[in-house]
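Here is the structure we will look at, set down as structure tokens.
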Amino acid sequence: MKHFYLVVTLFFISFSYGQSSRSVGDIEGFKLYPNPVTNGKVYISTSKNAPKQVAIYDVLGTKVLETKLNGKELFLGDLDAGVYVLRVYELNRIATRKLIVK
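For the sequence shown, counting from 1, position 9 maps to 9 in the UniProt record's numbering; every step adds exactly one.
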């Protein structure tokens, strides 16, 4: 079973490195920092700074967090250390990034 988790993790890591930093439909001016997250907070900023819908998935594709974000700061203190996929929706645009929590 450990081999399965290793293969899935490596797949997500290699897939995220293969993505371009700006794809069709990507949110303009999207910034995610700090990544990796060490203090339990991550900041998400965009050019328009409109309200965002944020979803975070683990490496198995299970949604572990879904919230609406009006500002820039997102608290992630409840997440275990690991690799996640972050998906942000803003004004009919989507940004997907790899998120590492230490």
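Backbone N, C-alpha and C define an ideal beta-carbon position, used for all residues, glycine too.
Boundaries (first-last residue) of the beta strand (DSSP E) holding residue i
i   : result
S45 : 41-45
K31 : 31-33
F27 : Residue identity differs from the one stated: residue 27 is Ile in this sequence, not Phe. Per DSSP, I27 belongs to no beta strand (DSSP E) and is neither H nor E.
G82 : 82-90
A55 : 52-57
T62 : Counting along the chain, T62 falls outside any beta strand (DSSP E), and DSSP gives it neither H nor E.
T96 : 93-101
Contacts around residue i, its chain only, beta-carbon distance under 7 Å, and the 5 residues preceding and following it disregarded
i   : result
Q53 : K68, Y89
C-alpha gap between residue i and residue j, whole angstroms
i           : j    : result
T96         : S45  : 14 Å
Y33         : E73  : 10 Å
D26         : K48  : 13 Å
residue 179 : L60  : Nothing about residue 179 can be read from this structure; the chain reaches only from 1 to 102.
R87         : A55  : 5 Å
Y57         : E66  : 9 Å
R93         : I100 : 23 Å
V83         : K63  : 13 Å
Beta-carbon contacts of residue i that lie in its chain and below 8 Å, excluding the five residues immediately before and after
i    : result
K102 : P36, V37, T38, A81
F75  : G40, K41
DSSP state of residue i mapped onto helix, strand, coil
i   : result
K72 : coil
Other residues of its chain near residue i: CB distance less than 6 Å, five sequence neighbours each side excluded
i   : result
L91 : A50
E28 : S47
**Request:** Tell me, please, whether the stretch 73-85 touches the stretch 28-40 by the rule of three or more beta-carbon pairs shorter than 8 Å.
**Result:** Flag = yes, the stretch 73-85 and the stretch 28-40 touch.
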